[in-house]
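Note that the working numbering has the sequence shown beginning at 3, numbered continuously upward. Beta carbons are placed, not taken as given, at the ideal position from N, Cα and C, and that holds for glycine.
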Amino acid sequence: MRPPPPRAVRPGSRPARAVALAAMALPSPAAANGVFPSADQLVFDPADPARAVARMTYGLLTTRDGGASWRWICEGAVGYDDTAGQSPPIAAAASGRVLAALADGIAVGAEGGCAWARAAELAGREVIDLSVRQGDPSHVVAVATGTRHGLWASRDGGASWTGAGAPLPAGFVARTVDVAPSDPRRVYVSGLASEGGAIKGVLARSADGGETWQTAAVPGSTTSREPYIAGVDPLDADVLYVRIASAPGRLFVSTDGGAAFAPVFTTEGFVRAFAISPDGATVAVGSDVDGVFRAPSSTLAFERVSSVAPRCFAWTDSGLYACASEFLDGFTIGRSLDGGATFEPLLQQGCIRGPLECAASTAVGAVCPTDWPRIALMTGHRDCTPDAGSPAAGSGTSAVATGATSATGPGAAAASGGGQASAAGLGGAPDGPGDGAPPSGGARPSEAGCGCRTGGVEEGQAGALAAACLMAAAAARRRSRRAGVMYEGCLAEPRPKRTASRAAPERSRRAGPPSRGGHVDLEPKSTPSGAAPERSRRAGPPSRGGHVDLEPKSTASRAAPTGRDVAAPPPRGGRVDPEPQSTPS
3 MRPPPPRAVR PGSRPARAVA LAAMALPSPA AANGVFPSAD QLVFDPADPA
53 RAVARMTYGL LTTRDGGASW RWICEGAVGY DDTAGQSPPI AAAASGRVLA
103 ALADGIAVGA EGGCAWARAA ELAGREVIDL SVRQGDPSHV VAVATGTRHG
153 LWASRDGGAS WTGAGAPLPA GFVARTVDVA PSDPRRVYVS GLASEGGAIK
203 GVLARSADGG ETWQTAAVPG STTSREPYIA GVDPLDADVL YVRIASAPGR
253 LFVSTDGGAA FAPVFTTEGF VRAFAISPDG ATVAVGSDVD GVFRAPSSTL
303 AFERVSSVAP RCFAWTDSGL YACASEFLDG FTIGRSLDGG ATFEPLLQQG
353 CIRGPLECAA STAVGAVCPT DWPRIALMTG HRDCTPDAGS PAAGSGTSAV
403 ATGATSATGP GAAAASGGGQ ASAAGLGGAP DGPGDGAPPS GGARPSEAGC
453 GCRTGGVEEG QAGALAAACL MAAAAARRRS RRAGVMYEGC LAEPRPKRTA
503 SRAAPERSRR AGPPSRGGHV DLEPKSTPSG AAPERSRRAG PPSRGGHVDL
553 EPKSTASRAA PTGRDVAAPP PRGGRVDPEP QSTPS
C-alpha cells in the first residue's frame, strides 16, 4: 500500500497566460469549427511507436515516421461532423486499427487510416468513451448508451464487440472508462449519478469485468465539475487518478480501488493533461495556466518543471509527448526526453503535408482532398522541407528550461521515466524571462520533424495572424463608417471618403506589412477638423511571435472601444473535458 498522499499543491496563477488563452477563444474566420486549431489527444500504435494519431479540432493527423511528417484525415472520412465542437475519443488498438467513439457507434480505421467502417454491433448507439488495455492492444472496452449505460468489450482490437456484464447502475451517466493494465477484469467508469436528490460525480468500479458494480462519490464533483479518469497505475490496479473538469482544476488519487479519494494537486486552470511513465515511477500533470508538474508516484510531491501549457500527454518508452498551444508554446505536438522540462517540436500545423495519400476508392481518398484547401488556409500551410527555403531545424541552439520551482519533501527529484532527467530548470529559477534568462520550459530545436525552426512561431501563426487581421479589419470597418473613413482591405491603405466641399486630409503614417513577428499599425487618417487625436492602444496577441496592433485612431467624439476578456473554454471528449464551441460573430 502506498503511503498517504501529501497535501494538495496549489501553484501561483499565471494571469498573462490566462488572458492569452481567453483571447484564443475569440471566434475567427480561421478557426477550426469555431475553436482555435489545436490537438487534444495523442495515441500510439502499440506495435509500432513510430506510428501515431493526433485528434485535432479539424479531424485527425497521422504520422508513420515518428513525427517527421504528418498527414490529415478529414472528419467526413471518419464519419463525424465537429461543428458542435464535439471531437470523438480515439484509441489505437491491435493490427494497426484506429478507433473513434461516435454519437452513433464506433468508427474502425484500417489500411493505415485510409479505410473507415462502423462496428456493426454498436450501430445506432452513442459511444461515450473507449480505452485500450495497456500491454494487450487486442483488449478494448467501451461504454455506450442504451436503456441503461453499459460496458462493451472487444478481444480482437475493435473488429467485433459484445456486451460485457451487467448494465451500469440505474441513473448512472457515464463520462470515461478505463481498464487496469495489470488486471483485465478491473474496470473503472466515471460519471454522474443522483444521490439523495442531488446529482454528484461518481466512480463505478468492477472487479469482475463488469458483472457487478460498486460506486463511490468523487469529492467536489457535480454537473459543472465532472469527474474524468486520468489514468490507472500500470503496476497496481488499486491505484487510479481522477481529475475534475473545471477551473480551478483538481487531481485526486485512490489507493484502494476507487473506494476513497484524496486530493494531490490543485491548479488555477484546468487539469488538461496527465500521464504515468511506463514503469509507473513518475506522474506528470499539465495545467493550461500553471504549466507542467512532475512527481514520483511513491510520494506525489509535485514540482513545476516547465511553463509549457499542455492539452494532452502520452508517455511511451520513447519519451513524454505533449499537445500544446502553438500560439503560446511554439509547437502543437512535442516530445520531452527529460520528463517534461523541455520539449522537442514534432508538429507545427503549417507543416502538415496534406491529406493522407489513399486510393480514391477509400473514404479518405474520396472525401478529404476536396476539403484540403480550407485546412491549408486555416493552418498557414507551407513547404517545410529543409531545402524549400525554410531555415533548417537543428541549429545547435540548446534547450534551456527555467521556471521550475524547488520541490520540498522526500522524493522531490523525480526520475524522468522517459529518458535521462535534465538538471536544467530545477532549483527556483524565475517563472519567465528576466535578467536575460530565456523563457521557461521553451521548446528546443528539432533535428528532424517538419524542418521548421523551433522558434518559428511567426511563420507557424500565419492562420492565426490572418484571423486576427480579418477580425480587426471588420471591427475597424464598422468604426470607420462612424468616423468617415473607408477601409479597402486588411492591409490596404485606409482612405477618407471623398467630398466636394472639403480638401483631402493629410495622409497619416502607417507601417508596412509585418516583418516576421513585427507589428502592424492600421490607422485611419486624421480628421480635417483638427489635429489627429492620440491613438489608443491595446495589447495584441502574446508576444512569443511579436504583436499586431489592428486598431484605428480614436475620434474626438467617441472613445476607443475596450475589449472584454473571454473565459478560456475547457477541452472535451475521452481524456479531455467538454469544450464549448466559440460562435463566430
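Asked: With a cut-off of 8 angstroms on the beta carbons, I'd call T217 and A168 a contact; round off their distance for me.; Found: Wrong, their Cβ atoms sit about 13 angstroms apart, outside the cutoff.
Asked: Which residue's Cα is closest to the Cα of V287: P171, L253 and S320?; Found: L253
Asked: Does the beta-carbon of D1 have 16 or more other beta-carbons within 10 angstroms, so that it is buried, or is it exposed?; Found: Because the chain spans 3 through 587 in this model, residue 1 falls outside it and cannot be assessed.
Asked: Return yes when at least one heavy atom of the ligand PLP lies under 8 angstroms from the C-beta of D210, else no.; Found: The ligand content of the structure shown is nil, which means the ligand PLP is not present either.
Asked: Taking E346 as the reference, which of R73, R296, A219 and V310 has the closest Cα?; Found: V310
Asked: Please state whether DSSP places S156 in a helix, a strand or coil.; Found: strand
Asked: Taking the continuous beta strand (DSSP E) assigned at D47, which residues delimit it?; Found: A41 to D47
Asked: Return the residue from the list D238, V273, G198 and D240 that minimises the CA-CA distance to Y230.; Found: V273
Asked: The alpha helix (DSSP H) with E328 in it runs from where to where?; Found: E328 to D331
Asked: Nearest by alpha-carbon distance to T284: which of A146, P236 and T65 is it?; Found: P236
Asked: Classify G148: buried if its beta carbon has 16 or more other beta carbons within 10 angstroms, exposed otherwise.; Found: exposed
Asked: By Cβ distance below 8 angstroms, which residues in the same chain neighbour L124 in space, the five residues on each side in sequence not counted?; Found: G107, I108, A144, A146, W154 and W163
Asked: Rounded to a whole number of angstroms, what is the C-alpha to C-alpha distance between P48 and S363?; Found: 28 angstroms
Asked: With burial defined as no fewer than 16 other Cβ atoms inside 10 Å of the residue's Cβ, what is the status of A249: buried or exposed?; Found: buried
Asked: What does DSSP give as the partner residue(s) for C314 in the beta ladder?; Found: C325
Asked: Could you tell me which of I75, S89, R135 and P91 sits nearest to E113, measuring between CA atoms?; Found: I75
Asked: Taking 9 angstroms as the cut-off, decide whether the C-beta atoms of S71 and E328 are in contact.; Found: no
Asked: What number of angstroms, rounded off, separates the C-alpha of R313 from the C-alpha of G159?; Found: 27 angstroms
Asked: Whose CA, out of A105, Y60 and A79, lies closest to the CA of T85?; Found: Y60
Asked: According to DSSP, is A365 helix, strand or coil?; Found: helix
Asked: My output table needs one value for P171: the three-state DSSP class, helix, strand or coil.; Found: coil
Asked: Which term fits S196, buried or exposed, when burial requires 16 or more other beta carbons within 10 angstroms of its beta carbon?; Found: exposed
Asked: Under a three-way DSSP split, which group does R274 fall into?; Found: strand
Asked: Which parts of the segment 82-107 are runs of the beta strand (DSSP E), unbroken and 3 residues or longer, counting only runs that do not cross its ends?; Found: 92-94 and 100-104
Asked: Less than 8 angstroms between the CB atoms is what I'm expecting for V181 and V189, so what's the real figure, rounded?; Found: 5 angstroms
Asked: On the three-state DSSP scale, how would you describe G69?; Found: coil
Asked: Taking DSSP as the reference, what is the three-state secondary structure of L124?; Found: helix
Asked: Sort C353, I201, I92 and A316 by Cα distance to R337 and report the nearest one.; Found: A316
Asked: From this set, D138, G198 and L104, which residue's C-alpha is nearest I130's C-alpha?; Found: L104
Asked: Applying the 10 Å Cβ sphere with the 16-neighbour rule, what's the burial state of G233?; Found: buried
Asked: Are G342 and S308 close, meaning C-beta to C-beta below 9 angstroms?; Found: yes
Asked: Candidates V110, R306, L379 and P280: which alpha carbon is nearest T268's?; Found: R306
Asked: Taking the C-alpha atoms as reference points, what is the distance between V80 and R99?; Found: 13 angstroms
Asked: DSSP three-state call for L379: helix, strand or coil?; Found: helix
Asked: For G212, tell me which candidate among C353, Y243 and H151 has the shortest Cα-Cα distance.; Found: H151
Asked: With 16 other CB atoms within 10 Å as the buried threshold, where does S226 fall?; Found: exposed
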